[in-house]
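Engineer: From first to last, the protein sequence lines are chains B and V. Note that our numbering has the first sequence beginning at 1, numbered continuously upward. Note that our numbering has the second sequence beginning at 1, numbered continuously upward. C-beta: ideal position from N, C-alpha, C; glycine also. In this text, all values refer to a predicted model and were calculated from it rather than measured experimentally.
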Amino acid sequence: MSETYRVPVGPIHIALEEPVYFKVKVHGESVEDVDILSGFVHRGMEALVLRRNFLQNMIITERTCSLCSNNHPFTYIMAVEKIAGVRIPPRAEYLRVIADEVKRAASHLFNVSMLAHLVGFHSLMTQTMETREVLQDVKESIWGNRMDLGANTIGGVKYDLDKEQIRYLIKQLNLIKKPIRELTNIYSNNRIVRARTEGVGLLPKEDAVRLGVVGPTARGSGVNNDIRAIYPYVVYDKLNFEVILEDGCDVRARALVRLREVFQAIDLVEQCLRGLPDGPVTTPGLPRIPEGEGVARTEAPRGELFFYVKSNGTDKPERMKWRVPTYLNWEALKVMMPGNKIADISVIFNSIDPCISCTER
Amino acid sequence: MITLSASILAYLFFPGGMFAIIFGLLLLGMERIAVARFQGRIGPPIFQNLFDVIKLRTKEFLVPEDATNRLMFIIAPFFGFGGMMTAIFILPVSGVYDGAGASSDLVVLIYLMALPAVSHIFGGSSSGSTYAAIAVSREAILMFAYEITFVIVLFTVALQAGAGDGALFSLKGIVDYQVRNGSFVHDLKMIPAFVAFVIFMLATLEVPPFHIAENDGDVMKGYYMEYSGMPLAVFELTHALKLLVLITVLQIFFMPGLAGGSIVVNLLWYMMKSAAIVIGIALVHASMPSFRVDQAFKFLMIVPVFLALLSLGLVLFL
Numbered sequence: 001m002s003e004t005y006r007v008p009v010g011p012i013h014i015a016l017e018e019p020v021y022f023k024v025k026v027h028g029e030s031v032e033d034v035d036i037l038s039g040f041v042h043r044g045m046e047a048l049v050l051r052r053n054f055l056q057n058m059i060i061t062e063r064t065c066s067l068c069s070n071n072h073p074f075t076y077i078m079a080v081e082k083i084a085g086v087r088i089p090p091r092a093e094y095l096r097v098i099a100d101e102v103k104r105a106a107s108h109l110f111n112v113s114m115l116a117h118l119v120g121f122h123s124l125m126t127q128t129m130e131t132r133e134v135l136q137d138v139k140e141s142i143w144g145n146r147m148d149l150g151a152n153t154i155g156g157v158k159y160d161l162d163k164e165q166i167r168y169l170i171k172q173l174n175l176i177k178k179p180i181r182e183l184t185n186i187y188s189n190n191r192i193v194r195a196r197t198e199g200v201g202l203l204p205k206e207d208a209v210r211l212g213v214v215g216p217t218a219r220g221s222g223v224n225n226d227i228r229a230i231y232p233y234v235v236y237d238k239l240n241f242e243v244i245l246e247d248g249c250d251v252r253a254r255a256l257v258r259l260r261e262v263f264q265a266i267d268l269v270e271q272c273l274r275g276l277p278d279g280p281v282t283t284p285g286l287p288r289i290p291e292g293e294g295v296a297r298t299e300a301p302r303g304e305l306f307f308y309v310k311s312n313g314t315d316k317p318e319r320m321k322w323r324v325p326t327y328l329n330w331e332a333l334k335v336m337m338p339g340n341k342i343a344d345i346s347v348i349f350n351s352i353d354p355c356i357s358c359t360e361r
Numbered sequence: 001m002i003t004l005s006a007s008i009l010a011y012l013f014f015p016g017g018m019f020a021i022i023f024g025l026l027l028l029g030m031e032r033i034a035v036a037r038f039q040g041r042i043g044p045p046i047f048q049n050l051f052d053v054i055k056l057r058t059k060e061f062l063v064p065e066d067a068t069n070r071l072m073f074i075i076a077p078f079f080g081f082g083g084m085m086t087a088i089f090i091l092p093v094s095g096v097y098d099g100a101g102a103s104s105d106l107v108v109l110i111y112l113m114a115l116p117a118v119s120h121i122f123g124g125s126s127s128g129s130t131y132a133a134i135a136v137s138r139e140a141i142l143m144f145a146y147e148i149t150f151v152i153v154l155f156t157v158a159l160q161a162g163a164g165d166g167a168l169f170s171l172k173g174i175v176d177y178q179v180r181n182g183s184f185v186h187d188l189k190m191i192p193a194f195v196a197f198v199i200f201m202l203a204t205l206e207v208p209p210f211h212i213a214e215n216d217g218d219v220m221k222g223y224y225m226e227y228s229g230m231p232l233a234v235f236e237l238t239h240a241l242k243l244l245v246l247i248t249v250l251q252i253f254f255m256p257g258l259a260g261g262s263i264v265v266n267l268l269w270y271m272m273k274s275a276a277i278v279i280g281i282a283l284v285h286a287s288m289p290s291f292r293v294d295q296a297f298k299f300l301m302i303v304p305v306f307l308a309l310l311s312l313g314l315v316l317f318l
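(1) For a contact defined as C-beta to C-beta under 7 Å, what are the partners of residue 123/B on chain V?
(2) Any beta-carbon of chain V closer than 8 Å to the one on residue 27/B?
(3) So, under 8 Å CB-CB, residue 110/V and residue 153/V are touching, yes? Tell me the CB distance rounded to an integer number of Å.
(4) Which two residues bound the contiguous alpha helix (DSSP H) that contains residue 143/B?
(5) How would you label residue 18/B, buried or exposed, when you count the other beta carbons within 10 angstroms and need 16 or more for buried?
(6) Within the present structure, is the beta-carbon of residue 327/B separated from the nearest heavy atom of the ligand COA by less than 7 Å?
(7) Thinking residue 338/B and residue 31/B are a contact (beta carbons under 8 Å), I'd like their distance in whole angstroms, please.
(8) Excluding five sequence neighbours on each side, which residues of the same chain lie with their C-beta closer than 8 Å to the C-beta of residue 52/B?
(9) Are the C-beta of residue 294/V and some C-beta of chain B separated by less than 8 Å?
(10) So, helix, strand or coil for residue 215/B, using DSSP?
(11) Kindly indicate if chain V contains any beta-carbon less than 8 Å away from that of residue 181/B.
(12) Which first and last residues belong to the beta strand (DSSP E) in which residue 4/B is found?
(13) At a CB distance below 8 Å, what residues from the stretch 245–265 of chain V approach chain B? Give them in sequence order.
(14) Do residue 128/V and residue 76/V count as a contact pair if the criterion is CB distance below 8 Å?
(15) At a CB-CB cut-off below 7 Å, which residues of chain B make contact with residue 215/V?
(16) When you compare each of 245/V, 301/V, 230/V and 312/V to residue 52/V by their alpha carbons, which one comes out closest?
(17) In this structure, does DSSP put residue 273/V in helix, strand or coil?
(18) Do residue 356/B and residue 333/B come within 8 Å of each other at the CB atom, strictly closer than that value?
(19) Since residue 204/V and residue 312/V are thought to touch, with beta carbons under 8 Å apart, how far apart are those beta carbons, to the nearest angstrom?
(20) Do we get a CB-CB distance below 8 Å when we pair residue 1/B with the residues of chain V?
(21) Taking 7 Å as the limit between beta carbons, can you name the residues of its chain near residue 304/V, skipping five residues before and five after?
(22) What are the boundary residues of the beta strand (DSSP E) that residue 319/B is part of?
(23) Using C-beta distances below 6 Å, list every residue in its chain close to residue 246/V, excluding the 5 sequence neighbours before and after it, in chain order.
(24) Which residues of chain B have a Cβ atom closer than 9 Å to the Cβ of residue 15/V, listed in chain order?
(25) Is residue 20/B helix, strand or coil when you go by DSSP?
(26) Can you pull the chain B neighbours of residue 211/V, defined as C-beta to C-beta under 7 Å?
(27) Confirm, please, whether the CB-CB distance from residue 324/B to residue 298/B is below 8 Å.
(28) Using the Cα positions of residue 1/B and residue 250/B, report the straight-line distance between them to the nearest angstrom.
(29) Among 23/B, 350/B, 25/B and 20/B, which one has its Cα closest to the Cα of residue 200/B?
(30) With residue 242/B as the anchor, note down where its alpha helix (DSSP H) starts and where it stops.
(31) Are the stretch 85–96 of chain B and the stretch 148–159 of chain B in contact at 8 Å, needing three or more beta carbon pairs?
(32) Name the chain V residues whose beta carbon is nearer than 9 Å to that of residue 192/B?
(33) Using a Cβ-Cβ cut-off of less than 7 Å, list which residues of the stretch 131–143 of chain V approach chain B; keep chain order.
(34) Taking the alpha-carbon of residue 392/B as reference, which of 342/B, 354/B, 361/B and 348/B has the nearest alpha-carbon?
(35) What are the boundary residues of the beta strand (DSSP E) that includes residue 310/B?
(36) Going by beta carbon distance, what residues of the same chain come within less than 7 Å of residue 376/B, once the five residues before and after it are set aside?
Given below as structure tokens:
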């Protein structure tokens with residue numbers, strides 16, 4: 001087959017598990033060009049939030065997406081707190097990081113397990129999911145939910161850790177260290193996994209910078225844009241960590257960044273637990289949100305998450321805008337995909353850790 | 001007259017026909033359960049594939065409007081099914097059944113083994129689906145690569161069974177030779193051919209690392225994409241029979257040893273060996289990711305072909 005033809009991938013393609021439509025122009029088995037169509041699950045959230053008050057919006061932002069469900073309210077609340085001029089208690093700052101890093105570890109493990117699924121390594125996928133299940137148990141035992149933690153509130157956090165919970169958390173985190181080390185070894189050294197991921201979906205560093213790619217997608221190309229390190233928020237400036245960079249620029253590099261960040265997340269949680277100060281977890285009472293504008297950015301599992309909130313003195317925001325990492329990352333697909341094989345389309349798409357429900361709020 | 005009706009019985013009921021279909025479907029179910037257990041899942045019930053076939057029988061069969069060749073689309077599944085039914089009919093089961101008895105049935109086997117892939121290619125290319133077209137081109141590429149291995153292994157076995165007296169192209173003769181002189185799997189010269197044949201088996205069965213032509217990740221169901229109802233069930237039956245045929249051929253070529261004098265004992269021994277081979281396949285299935293089609297082609301053209309040629313050389317010159 002030598003002529004050029006179009007292959008539809010999505011919006012209900014079984015490999016993508018996300019409602020997005022790729023019109024892939026294919027020559028033989030090679031991808032020549034890709035056209036991305038989206039907007040299938042638009043929910044009008046940015047209009048919805050204007051009809052609800054600041055407290056209700058905490059709930060609705062959490063429902064933007066399940067995998068980074070902690071980061072949306074977290075960032076939104078940071079923006080609102082900036083408007084209201086609230087300083088949260090130090091213990092709450094640590095607790096926010098703990099919730100965020102546990103979510104990050106679970107999200108990254110989910111993504112790499114999907115990679116294993118897409119290269120046809122179902123045993124590795126189930127093993128990774130099994131490891132992630134420990135983190136799901138942690139979330140359910142401490143926050144009461146497997147996905148939506150509901151950890152943050154305006155002025156602090158909604159939960160507290162007692163001694164027993166801390167002991168449980170440390171025990172469970174130690175439990176998954178060994179399996180993750182083994183999994184990392186398989187992801188980086190198994191010959192067929194390497195053959196399927198190495199040199200696939202190349203995103204050169206200059207393209208990553210030009211397209212403003214964020215998160216592990218950029219760090220896999222050696223671009224340091226970890227908001228936790230560049231513009232530290234809550235207590236990240238007091239914690240000791242190094243930004244993880246890989247220079248492979250391919251799917252493998254991005255997967256390795258994610259796997260190493262799982263270790264980093266575990267380490268950060270442990271650091272937070274060691275340095276956890278005493279005190280209240282929230283400021284007393286609910287603040288009145290004055291007129292003003294606030295901006296906050298955090299490092300979500302998929303990259304930089306940005307929130308803009310404008311209030312006019314009432315209990316409802318006047319305008320809210322959030323920019324999610326996938327929106328920046330999927331432009332890079334047009335650089336990554338051409339030249340690869342049809343079998344790589346879903347592998348490459350998965351490597352930017354797409355979250356369509358975030359992007360089409 | 002008696003031999004003719006015995007042949008009809010053998011074709012329709014035992015060891016071909018009903019027995020082969022049900023045993024093949026059970027082996028498929030077993031493979032699924034074994035893979036599930038290796039992956040830490042529970043897996044479907046062992047009769048799941050049988051249930052699937054029974055359910056599909058009640059479903060409507062749809063021919064896509066833009067099918068390029070409607071007739072071919074409808075009859076394509078039956079090529080492979082017929083081929084596999086015939087293959088299981090001519091294959092001997094050591095100590096149980098002597099096969100159809102033709103003296104050169106090994107050559108017939110080469111043609112019959114290719115039929116399921118041919119029916120995939122016909123069915124997929126006449127369905128008018130883009131995914132099926134991609135799957136068909138992959139299947140054709142892979143078929144080209146793995147059939148080479150099969151033919152070389154086959155000649156190696158035939159030469160070895162001929163014992164310096166030219167090649168022996170009778171399946172029954174190969175079985176008898178091994179029953180007299182020990183199975184080829186114990187013969188160091190034949191070990192590379194054995195490994196090559198196992199790789200060939202995995203590639204024809206489209207088990208990882210060769211789960212390519214119908215890889216869910218990019219072409220969804222591949223050539224099955226537009227099929228529904230009875231023809232889809234026929235494809236499933238063909239797959240079950242193909243598994244059984246391959247396992248039987250493996251046993252004929254390399255391990256046709258007998259367990260005793262009685263037919264029942266030998267039949268049970270055959271079924272146990274088949275189950276063990278299926279578990280082995282499941283182990284490979286569970287422990288490997290899939291190649292891409294270009295990588296698989298390269299692998300299949302080098303490793304199994306080299307192993308098969310090595311055995312052939314050893315058999316010829318030692």
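Structural biologist: With the structure as the only source:
(1) 38, 39, 286 and 287
(2) no
(3) Actually they do not touch by this definition, with Cβ atoms about 11 Å apart.
(4) Run containing residue 143/B: 122–143, per the alpha helix (DSSP H) assignment.
(5) buried
(6) The ligand COA is not among the ligands present in this structure, which contains no ligands whatsoever.
(7) 6 Å
(8) 60 and 316
(9) Closer than 8 Å to some Cβ of chain B, the Cβ of residue 294/V qualifies, so yes.
(10) helix
(11) no
(12) 4–9
(13) none
(14) no
(15) 120 and 343
(16) 230/V
(17) helix
(18) Going by C-beta atoms, residue 333/B is not nearer than 8 Å to residue 356/B.
(19) Residue 204/V to residue 312/V, Cβ: 20 Å. No contact.
(20) Caution applies to residue 1/B, whose pLDDT of 46 falls short of 50 and renders its modelled position unreliable; the value that the coordinates give is listed next. By this cut-off, residue 1/B is an interface position.
(21) 149, 196, 199 and 200
(22) 317–323
(23) 201
(24) Within 9 Å Cβ-Cβ: nothing; residue 15/V doesn't reach chain B, min ~33 Å.
(25) coil
(26) 120
(27) No; because the gap between Cβ atoms is not below 8 Å, this pair is not in contact.
(28) Residue confidence for residue 1/B is low, a pLDDT of 46 falling below 50, so the modelled location carries little weight and cannot support an answer.
(29) 350/B
(30) Element bounds for residue 242/B: n/a, residue is neither H nor E.
(31) yes
(32) 208, 209, 288, 289, 290, 291 and 295
(33) 134 and 137
(34) Residue numbering for chain B in the displayed model covers 1 to 361; residue 392/B lies beyond these limits and cannot be assessed.
(35) 303–311
(36) Not covered by the structure: residue 376/B. The range shown for chain B is 1 to 361.
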